[in-house]
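**Q**
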Amino acid sequence: MAVLGKRSSTIREGESTAKVLVDAAKSGSTERVSKLILGPETSDEGLQSALVIFIHVAHDNPDVIDLVRESWEGLPEFCDTAFASGLACARLGNASGFEGGTANGQAIFLAVIARAIALSPGAMSDMEALRSNFFDGILALLALAAFTGKVLSVLGATFENMASGTWRNGVFEVSTVVLLISLNWMVFRHFGRRRMRVESRWKAVGSAASWLWLGVVSWLIVNFLVVRALSALGISSDLVAYVALILGTLSAALVPSLVWLPIWTLILYMRRGNDEEIAGAVEVGENDSGHRAPVLRPGQGVPPAVKRALENELDFLEDEEPLRMRWTPLGEGKFIHVDRETKILWLNSQYRESVLKGSRAGVNDAPLLKALLFLLFEEVFRGDTYGPEDTDKVALWQEVLVAAADAEGQVR
């Protein structure tokens, strides 16, 4: 992403800069906002994060995009790069492809989009959602206090039990601390993997918290039923009491998660616009691994090794037929034939020998060629529409592939 080449931060990056710019834009003067952007009050990092916020807000509010496009008309040519790339990023909802051009062009684009957001009630509502730092802090403190209080109470009971000689109780109580820490690690470590899309991460964290919450309730029910069952079976009262002690101690550790897990999840959802998460979204966007659209599943004719590699890297569309590849005579001037009805990419068997170069022919032959063809043609088979643009792309690929295949045969 382009930057203005300014000095390090002088105000809090990201949402603070975004709020300052939008508040200034409410006055109706884009010139004032431009001076603020180019002046010493704002930092390069803050403006970069503010740009990400603005682009995501504009993506969710098309009226902002329309206002920016209208404002672009009549502006100097040095603004074209910033406005063209900025509007493209806003339509995609991904700021990683922003190309700013000149510093003045970037400044004017930021000023215009800030003004457009200030004029849009929906966009302003989204901006207000960023003003959650104080409430986030209160919730975080409450959750941390509940967690810390439980740990301290367990440790206190542990020392008391050990001092009185009932060391077994202490061992089980120490295990509750380990259990609490483990649950926390599961949510924030496992479901915060870098390759996961930011939006998917929120869903994953929420799902994890929901399942853990359900697990806690189930555990309490099992606890009650086990103790009742042991009593009903006439088991020794000492053994029943011992089992009840174990289950009760673990339950005491799990019960607080009914409170702190939803609180932590709420904090995560509310912090979607904050700087560190925005930076993560930009990083994922730049790596281009977080925005992979689901694709057709590879079917018959695609070698197993290729299928496994695709499965490891991509999600598949489960409601569509897999894409198959098969060899058949197609005549001169054709290397492939796209059959969207049967979801088959036909390959001209005339070129099979030159492709295989002496390797054994079979259903799953030519893995390198088929992997490349799958990546190239899969999108053409996806969905219900097949327009002129798709026809043109297939015609282009057809010509290039035929020329390459003919050249391959001559090399032999």
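According to the numbering used here, the sequence shown is numbered sequentially starting from 4. Even glycine gets a Cβ: it sits at the ideal position worked out from N, Cα and C. Since this is a predicted model, take the numbers as computed values, not measurements.
#1: Does DSSP classify D387 as helix, strand or coil?
#2: If I follow the unbroken beta strand (DSSP E) through L350, where does it start and stop?
#3: Would you check if the distance between the CB atom of L350 and the CB atom of L326 is smaller than 7 Å?
#4: Reducing DSSP to helix, strand and coil, say where R72 ends up.
#5: DSSP has L331 in a bridge; who is on the other side?
#6: Report the CB separation of V60 from V67 in whole angstroms; it is logged as a contact under 8 Å.
#7: Would you identify the three-state DSSP class for D395, choosing helix, strand or coil?
#8: Starting from the Cα of E316, find the closest Cα among G304, A296 and G334 and give me that residue.
#9: If we ignore side chains and look at the alpha-carbon of each, how far apart do A85 and E314 end up?
#10: Which residues in the same chain have their Cβ closer than 8 Å to the Cβ of L320, if we skip the five residues on either side of it in sequence?
#11: Apart from the five residues just before and just after L95, which ones in its own chain have a Cβ nearer than 8 Å to its Cβ?
#12: Starting from the C-beta of Q353, find all residues in its chain whose C-beta is less than 6 Å away, skip the five residues before and the five after it, and write them out in chain order.
#13: Report the residue from M130, K373 and N107 whose alpha carbon sits nearest the alpha carbon of F338.
#14: From A119, E344, M127 and D83, pick the residue whose C-alpha is nearest to that of N107; which is it?
#15: Could you tell me the alpha carbon to alpha carbon distance between S362 and Q51, rounded to whole angstroms?
#16: As a quick exercise: from T105, L371, I58 and I40, pick the residue whose alpha carbon is nearest that of K310.
#17: Tell me whether L378 is buried or exposed, calling it buried when 16 or more other Cβ atoms sit within 10 Å of its Cβ.
#18: In the DSSP assignment, what are the bridge partners of P301?
#19: What is the C-beta distance between N64 and A114, in whole angstroms, given that I count them as a contact (C-beta under 8 Å)?
#20: For G89, count neighbouring C-beta atoms within 10 Å of its own C-beta (all shown protein chains included) and say buried if the count is 16 or more, exposed if not.
#21: Taking I116 as the reference, give the member of G100, A98 and F57 with the closest Cα.
#22: Specify the secondary structure class of D368 as computed by DSSP and reduced to three states.
#23: Which term fits V25, buried or exposed, when burial requires 16 or more other beta carbons within 10 angstroms of its beta carbon?
#24: At the level of alpha carbons, what is the spacing between Q303 and N367?
#25: Just mark D342 as buried or exposed, buried being the case when its beta carbon has 16 or more other beta carbons within 10 Å.
#26: Report the residue from K360, Q401, D409 and F81 whose alpha carbon sits nearest the alpha carbon of L376.
#27: What does DSSP give as the partner residue(s) for D342 in the beta ladder?
#28: Are the beta-carbon atoms belonging to M328 and L359 less than 7 Å from one another?
#29: Out of E76, M130 and L236, state which residue places its alpha-carbon closest to the alpha-carbon of F112.
**A** Walking through what the data contain:
#1: coil
#2: I347 to N351
#3: no
#4: helix
#5: Sequence inspection shows Thr at residue 331; the Leu mentioned does not correspond to that position. In the DSSP output, where bridge partners are listed per residue, T331 has N351.
#6: 7 Å
#7: helix
#8: A296
#9: 38 Å
#10: P297, V298, L299, R300 and R385
#11: H62
#12: none
#13: K373
#14: D83
#15: 53 Å
#16: L371
#17: exposed
#18: L326
#19: That pair is no contact at about 18 Å.
#20: buried
#21: F57
#22: coil
#23: buried
#24: 8 Å
#25: exposed
#26: Q401
#27: I347
#28: no
#29: E76
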